[in-house]
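Written below as structure tokens is the structure these notes are about.
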Amino acid sequence: MASLYDRADIYDLGYTDSMRNAIREHWRLALRETEIRDVLDVSIGSGALTLPMAELGYCLTGSDLSRSMLEKCRKNAKDQGTEIELFESDFRKVHENLAGKAFDMVMSTGNSLPYVENEQIFTALASMDQLVKPGGYIYLDSRNWDRILKTRQRFYFYRPIILDDGVRMDRFQVWDYNPDGSMTFNLVFTFEKDGSFAGREIFEEHYHPTPRNIFIDALTALDYEIRAVMNHPAQCDKPVDEFDWYCILAKKKNA
Ligand SMILES: C[S@@+](CC[C@H](N)C(=O)[O-])C[C@H]1O[C@@H](n2cnc3c(N)ncnc32)[C@H](O)[C@@H]1O
1 MASLYDRADI YDLGYTDSMR NAIREHWRLA LRETEIRDVL DVSIGSGALT
51 LPMAELGYCL TGSDLSRSML EKCRKNAKDQ GTEIELFESD FRKVHENLAG
101 KAFDMVMSTG NSLPYVENEQ IFTALASMDQ LVKPGGYIYL DSRNWDRILK
151 TRQRFYFYRP IILDDGVRMD RFQVWDYNPD GSMTFNLVFT FEKDGSFAGR
201 EIFEEHYHPT PRNIFIDALT ALDYEIRAVM NHPAQCDKPV DEFDWYCILA
251 KKKNA
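Per this note's numbering, the sequence shown starts with residue 1, numbered consecutively.
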């Protein structure tokens, strides 16, 4: 079964102008009490969550495992007139690619860390940490896996989107709970124009549900202070434990 990340064109269809505005507002709120300028996103994908930061004045660098997502990110950045350095890397050894460089904030966006097993989360965060300046930050966002494991929800629906050419796109996901504790997300996209079927795409993604304490414990062990656990997007005012996504902002101690 194909990975969605080989079809960055389809991935990006979910990111409309209103989503982009919401993402920009998220960053404004989430980072409002920080003095961050240079950021590295180690799972930047096509840049959907990261490129809106350029409009707020952040200086962006990005890496990802997927060459096709990076190519799309390069194009998206060019289209919006943003300069960005991009390189291919596994986030578990991202520091090996940037020896001697350091950023105000190193982050992993888009619920990407749970692609690796819980035991490897520390390795990934430790590699990211090597690229954080003293007093800088690690940021990550994640699905609320604690809630998912509690409710064992099977279906996840998105609002329909009317694309520029008048095509209506519907998306839903079917989540399989595998016996080994991992999860398979079956992603279904359907397209309809003028009431007629216009296409269907199906992808499969494999995750390792990551309870929040795995992130918190790893960051604490790396000598970070947890500054905030917020909803993602931060403007959503539901209690964090009840919402679908959250993010963590952690500050590296100076010494
Ligand atoms: C859901 S996408 C998020 C992309 C982007 N951050 C966004 O939010 O739109 C997950 C991304 O994680 C990347 N990824 C998965 N495993 C990775 C790894 N071990 N190292 C680096 N990137 C990885 C995938 O290639 C994909 O681009």
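We put the CB at the ideal spot given by N, CA and C, even for glycine. Since the structure is predicted, the reported quantities are computational estimates derived from the model, not experimental observations.
Here the alpha carbon of A218 sits roughly 50 Å from the alpha carbon of G195.
Between ligand 1 and S46, a heavy atom-to-CB distance of less than 7 Å is present. Taking the Cβ atoms as the reference, D104 lies roughly 7 Å from Y137, within the contact range of under 8 Å.
The beta strand (DSSP E) runs lying completely inside the region 67 to 141 and spanning 3 residues or more are 85 to 88 and 103 to 108, given in chain order. Distance from the Cα of K193 is smallest, within the candidate group W175, R168, R200 and S182, for R168.
T109 has its CB nearer than 7 Å to a heavy atom of ligand 1.
Cβ contact annotation for R74 (same chain, cutoff 8 Å, sequence separation greater than five): I84 and L86, in chain order. When the beta-carbon positions are compared, F215 and I248 come within less than 8 Å of each other.
Taking 8 Å as the upper bound for CB-CB distance, E205 and F185 are in contact here, some 5 Å apart.
Counting only the Cα atoms, H95 lies some 42 Å from D165.
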